[in-house]
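Quick mapping for you: the protein sequence lines, in order, are chains A and B.
Under the numbering used here, the first residue of the first sequence is numbered 1, with each subsequent residue one higher.
Under the numbering used here, the first residue of the second sequence is numbered 245, with each subsequent residue one higher.
We treat Cβ as the ideally placed atom computed from N, Cα and C, and that holds for glycine.
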Amino acid sequence: MAQGPRVSIDIREKRYAGREAPVLRDLAFDIAPGAVVALVGPSGIGKSTLLRIVAGVDSSFDGAVTIDGVPAHQAPPPGLVFQDSRLLPWLSAVNNILAVRPDISRDEATHWLDRVGLAGQADVLPDQLSGGMQRRVALARALAVNPRFLLLDEPFVSLDRHLVGEIEALFAAQIESEGSTAILVTHLIEDAARLADRALLVGGRPARIVAQRDIDIPRRDRTPEDVLHLSAELGGMQAVTAAA
Amino acid sequence: MLLVLWQVLASLFPSRLFPSPIDVAGHIWVLATTDKLVADFAKTLWRSAVAFVLSMIIGSAIGIALGRIRWLDRLFAGWVVVGLNLPSIVIAIVLYIWLGLSEFSLILAVMCNKIPLVVTTIREGVKSFSRDYDELADAFRMPFARRLRLILLPQLMPFVLAAARTGLSLIWKIVLVFEVLGSDGGVGFRINVFFQFFDMEGILAYTVVFIAIVVVIEYGIMRPLEQKVSGWRRARA
Chain A
1 MAQGPRVSID IREKRYAGRE APVLRDLAFD IAPGAVVALV GPSGIGKSTL LRIVAGVDSS
61 FDGAVTIDGV PAHQAPPPGL VFQDSRLLPW LSAVNNILAV RPDISRDEAT HWLDRVGLAG
121 QADVLPDQLS GGMQRRVALA RALAVNPRFL LLDEPFVSLD RHLVGEIEAL FAAQIESEGS
181 TAILVTHLIE DAARLADRAL LVGGRPARIV AQRDIDIPRR DRTPEDVLHL SAELGGMQAV
241 TAAA
Chain B
245 MLLVLWQVLA SLFPSRLFPS PIDVAGHIWV LATTDKLVAD FAKTLWRSAV AFVLSMIIGS
305 AIGIALGRIR WLDRLFAGWV VVGLNLPSIV IAIVLYIWLG LSEFSLILAV MCNKIPLVVT
365 TIREGVKSFS RDYDELADAF RMPFARRLRL ILLPQLMPFV LAAARTGLSL IWKIVLVFEV
425 LGSDGGVGFR INVFFQFFDM EGILAYTVVF IAIVVVIEYG IMRPLEQKVS GWRRARA
């Protein structure tokens, strides 16, 4: 099975124009092909900035980010899921996918919607869908663009836990079947405990990696107790690093 | 209801200066079959259409540029304010003196009045574009043509329609005033002739036909177009 790309991140500094302090500094790590890395940290610390850099949207930083050796902004587009669903409200669900993947057929685009449980919703406008369904369309769009390399920016924020469970299951099934490389940005430790192979705790200002934990238990074998235990452990690590 | 009210008032105050709708309808028929009504309206509509289309194209292009390029907006914002507030009659007289009483100067004068309004509406529309959608297009590496068609134009269309609607109503009025000021025909020119003879039936006949055409354009073109372009907004309601 083809696996996702290797991602190499080495950011010496990222600062926004007009701001004195940098947002990110000395942030370096590699992601092996097929691995899911969770970036965990409080809101507003710079996680989304990092994700925008990896997605190739922002290339004004000091350092290098490569996807299979290619600079991020020149690499094929990732399957990016934004914090909000960010669908184009004037296009139907299927046309939202075709807008970013014009080279696939309508049937293929519809197939991606079917895979996230939206069979029969292809021609519905985003505003006629519930919030959860909109998130699924966004996930289908990301999968259609690049199922082997996924970037998820707080994809479960402001969703009820039942819906989070459903979308997490879809995401987990997808990365298992495609061997996807994925970066999951979240401020919820349990999301990381449930889905990631490695959790990186981001903290400080400018943001850097303050702790990390490899999670050896295979995703599909993790029991609710394992998730609870891992969450507690990661929470403890976060508290210690925050105090330091 | 307006027609009934008009008929009642005309019956209560019968006068040569206050003809009834039935009299006016009869006069429209006479003017349409024996006089220059069709030719006058064709002339005015042609002038309005040319001025409208050119103003929309030029105004939209300038509005997009000012909305997207900040230094350009800073440089020309003052010009737009001056353009918006220049009395239209001054523009018309100056152009008539410079270029003569021609079709060209009349259309140019109308455009000079209309373009600043289009520029302002489109510029503000472009400024209100969502940066989130730009980021979406960047992340998924959408090429410019696709971005323009699927992201920029759908956001711009409500502003284009607003500019078109306000522009149409403005252009009608300006064209008529400029035709009164100096032209060889057209609705404004003819109404001025009627005015010289206190021909109220003629004035009202032209006014009614004029309003009918405006209503046809509104319901036959503008609203269906708006429905087509902004139909997705109904899903939000």
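Exposure of Ala286 of chain B is indicated by the presence of fewer than 16 other C-beta atoms within 10 angstroms of its C-beta. By the Cβ-count criterion, Glu423 of chain B is buried, with 16 or more other Cβ atoms from all chains shown falling within 10 Å of its own Cβ. Membership of Lys371 of chain B in the alpha helix (DSSP H) is indicated by the continuous run Glu347 to Lys371. Where Phe439 of chain B is concerned, the enclosing alpha helix (DSSP H) starts and stops at Val431 to Gln440.
No Cβ-Cβ contact shorter than 8 Å links Trp416 of chain B with Ser255 of chain B. When the Cα atoms are used, Pro224 of chain A and Glu168 of chain A turn out to be separated by approximately 14 Å. Glu190 of chain A: member of the alpha helix (DSSP H) spanning Ile189 to Leu195, first to last residue. Spatial neighbours of Thr110 of chain A in its own chain (CB-CB distance under 7 Å, excluding positions within 5 residues in sequence) are listed in chain order as Val94 and Ala122. Taking C-beta atoms as the reference points, Val248 of chain B and Gly307 of chain B fail to come closer than 8 Å. The alpha helix (DSSP H) runs lying completely inside the region 277-349 of chain B and spanning 4 residues or more are 281-312, 314-329 and 332-343, given in chain order. The three-state reading of DSSP puts Arg393 of chain B in helix, counting H, G and I together.
Taken through DSSP and simplified to helix, strand or coil, Ser8 of chain A comes out as strand.
Within the region 450-475 of chain B, no residue has its Cβ closer than 8 Å to any Cβ of chain A.
When rounded, the separation of the alpha-carbon atoms in Gly165 of chain A and Leu184 of chain A is 15 Å. DSSP places Leu88 of chain A in the coil class of the three-state scheme, outside both helix and strand. Along the region 381-404 of chain B, the positions whose C-beta sits under 8 Å from a C-beta of chain A are Asp382, Ala383, Phe384, Arg385, Met386, Arg390, Leu394, Ile395 and Pro398, read in chain order. DSSP places Val36 of chain A within a strand segment (E or B) once states are collapsed to three. Closer than 9 Å at the C-beta level to chain B, one finds these residues of the region 100-134 of chain A: Val100, Arg101, Pro102, Val124, Leu125, Pro126, Asp127 and Gln128. Among the residues facing chain A, Asp376 of chain B is included, as its CB has a counterpart in that chain under 8 Å away.
DSSP places Asp378 of chain B in the uninterrupted alpha helix (DSSP H) bounded by Arg375 to Ala383. In the DSSP annotation of this structure, the continuous segment of the alpha helix (DSSP H) that includes Ile167 of chain A starts and ends at Arg161 to Glu178. Under the Cβ distance rule, Glu368 of chain B does not count among the residues neighbouring chain A, no pair being separated by less than 8 Å. At a cut-off of 8 Å between beta-carbon atoms, Ala211 of chain A makes no contact with chain B. Rounded to whole angstroms, the Cβ separation of Ala138 of chain A and Phe82 of chain A is 7 Å, and the two are in contact under 8 Å. Excluding its 5 nearest sequence neighbours in each direction, Ile272 of chain B has C-beta neighbours in its own chain below 8 Å: Leu281, Ala449, Val452 and Val453, listed in chain order. Neighbours of Glu379 of chain B in chain A, taken as residues at a C-beta separation under 7 Å, are given in chain order as Val57. In the same chain as His73 of chain A, and ignoring 5 residues on each side of it, the C-beta atoms closer than 6 Å to its own belong to Gly56 and Ser59, in chain order.
Between Leu80 of chain A and Ala142 of chain A, the beta carbon gap of about 6 Å places them in contact (Cβ cut-off 8 Å). Using a Cβ-Cβ cut-off of 8 Å, Val145 of chain A is close to Phe384 of chain B, given in chain order.
Judged by their CB atoms, Phe61 of chain A and Ile209 of chain A are not nearer to each other than the 8 Å cut-off. Secondary structure at Ser43 of chain A: coil, using DSSP grouped into helix, strand and coil. For Asp62 of chain A, the beta-bridge partners assigned by DSSP are A:Glu13. Partner residues in the beta bridge of Ile31 of chain A, as assigned by DSSP, are A:Val7. Looking at the DSSP output, Val185 of chain A bridges to A:Leu39 and A:Asp153. Here DSSP, grouped into helix, strand and coil, assigns Arg52 of chain A to helix.
Val40 of chain A is classed as buried because its beta carbon has at least 16 other beta carbons within 10 Å across all chains shown.
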